[in-house]
């Protein structure tokens, strides 16, 4: 990444040098091949004598790139706020009427998502006003997609929030690969009607929910799991309860 930015920085330096020289020319005058060659030599000699300029330009370019990304994410979070905090097709943990929303994009086969389950519970216990919205985001293969379809189908039968939470945690506790068949099997232990669930698996509304989650994630720049949205902040990765708590505190 830094090599790429350094290359872009050099391009910017060269471009600025040429543009600066161009301002000394009349608007109608173009550079000859000899003039362009001379300019390139001047820039080359300058950079060789002052290599720190490239580093400074690279650092500034990286800063501006990160700032642009943050601004883009903030705008996307504001644009999709209602969809993000909506309980449609999402399991809600914590206080259903909480004033602090934390949206979590997860995949049932993501080991870091599984590791974050306890962190989420810790945060819920420490923050009575926290409302956690779990967004199905199956990006780790067909098995994950199948599991999400089953989970969404099961949510139609599991109307009780506590039952939904217990089922979610049971799926996340699986050590091996989670897939649709295993999700159905675990669901039966919670009273899931397998026959009805299999009928609901291919419902267009379930496809629409997953498609919407994917679209929102793309707009936010989310390309990995777990990812959390708190206020205007996007956190990527299993960063731990302590760091997330700091974001929660600043978002109040």
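Residue numbers (mature numbering (1 follows the signal peptide of the UniProt record, and there is no 0)): -24 to -1, 1 to 228.
Each residue gets a CB set at the ideal place from its N, CA and C atoms; glycine is no exception.
All values derive from a computational prediction rather than experimental measurement.
Item to complete: Quick one: grab the DSSP three-state call for residue 174.
Response: Within the chain shown, numbered from 1, the residue matching residue 174 stands at position 198. Helix, per DSSP.
Discussion item. Assuming the contact rule is C-beta atoms closer than 8 Å, residue 90 and residue 148 should be a hit. Round their C-beta distance to whole Å, please.
Written reply: As a position in the chain shown, residue 90 is number 114, starting the count at 1. As a position in the chain shown, residue 148 is number 172, starting the count at 1. The pair is a contact, with the Cβ atoms about 5 Å apart (cut-off 8 Å).
Practice prompt. Whole angstroms is fine: what's the gap from residue 71's alpha carbon to residue 27's?
Written response: The residue given as residue 71 occupies position 95 in the chain shown. The residue given as residue 27 occupies position 51 in the chain shown. Spanning the two alpha carbons is a distance of roughly 56 Å.
Practice prompt. May I have the straight-line CA-CA distance separating residue 95 from residue 188, to the nearest angstrom?
Written response: Translated into positions along the chain shown, residue 95 becomes position 119. Translated into positions along the chain shown, residue 188 becomes position 212. The alpha-carbon atoms of residue 95 and residue 188 are separated by roughly 26 Å.
Item to complete: Determine the burial state of residue 136: buried for a count of at least 16 other Cβ atoms within 10 Å of its Cβ, exposed for fewer.
Response: Position 160 of the chain shown holds residue 136. Result: exposed.
Worksheet item: Using a Cβ-Cβ cut-off of 8 Å (strictly less than) and excluding sequence neighbours within five positions of residue 146, which residues of its own chain qualify?
Response: The residue given as residue 146 occupies position 170 in the chain shown. Counting only residues of its own chain and dropping the five nearest sequence neighbours on each side, residue 146 has a CB closer than 8 Å to the CB of 162, 165, 166.
Worksheet item: Per DSSP, which one or two residues make a beta bridge with residue 107?
Response: For this step, residue 107 is matched to residue 131 along the chain shown. DSSP, once it has assigned bridges, lists 70, 77 as partnering residue 107.
Worksheet item: Which residues in the same chain as residue 224 place their Cβ atom closer than 8 Å to its Cβ, once the five residues preceding and following it in sequence are excluded?
Response: Translated into positions along the chain shown, residue 224 becomes position 248. The beta carbon of residue 224 is closer than 8 Å to those of 76, 78, 99, 103, 106, 206 in its chain, skipping five residues each way along the sequence.
Worksheet item: Which one of 109, 87, 46 has the shortest CA to CA distance from residue 73?
Response: Here residue 73 corresponds to residue number 97 of the chain shown, with the count starting at 1. The shortest Cα separation from residue 73 among 109, 87, 46 belongs to 109.
Worksheet item: Going by alpha carbons, who is nearest to residue 119 out of 97, 194, 159, 198?
Response: By 1-based counting over the chain shown, the position of residue 119 is 143. The residue from 97, 194, 159, 198 with its alpha-carbon nearest to that of residue 119 is 159.
Worksheet entry | Backbone CA spacing between residue 53 and residue 45 [nearest angstrom] | Mapped onto the chain shown, residue 53 falls at position 77. Mapped onto the chain shown, residue 45 falls at position 69. Residue 53 and residue 45: Cα-Cα distance of roughly 12 Å.
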